[in-house]
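> Using this note's numbering, read the sequence shown as starting at 1340 and increasing by one per residue. The beta carbon of each residue, even a glycine, is placed where N, CA and C say it ideally should be. Got a structure for you, questions after.
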Amino acid sequence: MHELKYLIGYSENVTSQVRLLISKDKLGETLLKKYPVTHTIRTDKALYAYTVDMKNALLKQSQPLSKVIYDDKIKDLHHALGLHTFISRVQGDKHKAKNEIRVASLFKNVPLEFLRMIVVHELAHLKEKDHNKAFYKLCEHMEPSYHQFELDMRLYLTHMDLFGRLY
1340 MHELKYLIGY SENVTSQVRL LISKDKLGET LLKKYPVTHT IRTDKALYAY TVDMKNALLK
1400 QSQPLSKVIY DDKIKDLHHA LGLHTFISRV QGDKHKAKNE IRVASLFKNV PLEFLRMIVV
1460 HELAHLKEKD HNKAFYKLCE HMEPSYHQFE LDMRLYLTHM DLFGRLY
C-alpha cells in the first residue's frame, strides 16, 4: 500500500477514502473535476501584487511585505511549501525590518485555491508565528475554506508523488 506522507494526522476515514481513489486510479480525475483550471499568477511581480492585495484586504494592521517570490529551492531544502521570514537589521541608530514570503515554485501551475491557501498560511505568520489555535483561526478568518483547500492540496501532492503532475 502507498505511504500517504502528506496525510499523516488525518483520520483513518479520510486516508481509506484516498487509498480507494488511488487503487481505482481516480485521485487525479477527482481533483481535476473539482479544480479544472490553473491560475495565471506566474511571475514574482504578479505573486507580489496578489499577496499584497490580499494582505491589504484581510490584514490591514500588519507589517508591510518587502518581497514575495516563487522559490525553486523550498521543497527540497526546507521540506515546506512556503516560507515567511522576518529579517531585522540595525544600522547605526536605525532599525530596519523586512518581511518576506517565498512560495514553492510548484505553485506556479496549480488551481488558484491551492495558491491562495499557501499565501493565506504565510500571511497568517505576520500575526501568529506558531502553528497554534489562534494561527488556524486567523487562516479560517482570511479563507473560510482554508482546511478544505489544504486537504485538497495535500491530495494533489500525493498524486504528484505517485503519478506526476496533473496541471
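With a cut-off of 8 Å on the beta carbons, I'd call Ala1443 and Gly1421 a contact; round off their distance for me.
Between Gly1421 and Ala1443 the Cβ distance is about 6 Å, and since that is below 8 Å, they are a contact.
> Mind checking Arg1441: buried by the 16 CB within 10 Å criterion, or exposed?
With 16 or more other Cβ atoms within 10 Å, it is buried.
> According to DSSP, simplified to helix, strand and coil, what is Asp1411?
Residue state, collapsed to three classes: coil.
> From Ser1350 to Asp1469, what does the alpha carbon distance come to, in whole angstroms?
Rounded to whole angstroms, Ser1350 to Asp1469 spans 23 Å at the Cα level.
> Which residue's Cα is closest to the Cα of Gln1487: Glu1452, Phe1474, Lys1372, Val1376?
Gln1487 has its Cα closest to that of Glu1452, out of Glu1452, Phe1474, Lys1372, Val1376.
> Comparing C-alpha positions only, which one of Asn1352, Lys1363, Gly1348 sits nearest to His1498?
Comparing Cα-Cα distances from His1498 to each of Asn1352, Lys1363, Gly1348, the minimum goes to Lys1363.
> Determine the direct distance from the alpha carbon of Val1449 to that of Leu1360, and round the result to whole angstroms.
Approximately 20 Å, taken between the alpha carbons.
> Helix, strand or coil: which one does DSSP assign to Asn1438?
DSSP places Asn1438 in strand when its eight states are reduced to three.
> Which same chain residues, not among the five before or five after Gln1402, have their C-beta less than 8 Å away from its C-beta?
Ala1436, Asn1438, Leu1465, listed in sequence order.
> Where does Gly1367 sit, in a helix, a strand or coil, going by DSSP?
Helix.
> Cutting at 7 Å between CB atoms, please list the residues of its own chain near Glu1489, excluding the five before and the five after it.
Excluding positions up to five away in sequence, the list reads Met1456.
> Give me, in chain order, the residues of the same chain whose beta-carbon lies closer than 6 Å to that of Lys1394; leave out the 5 immediate sequence neighbours on both sides.
Only Leu1462 meet the Cβ criterion.
> So who's on the other strand from Gly1421, going by DSSP bridges?
Gly1421 is bridged to Val1442.
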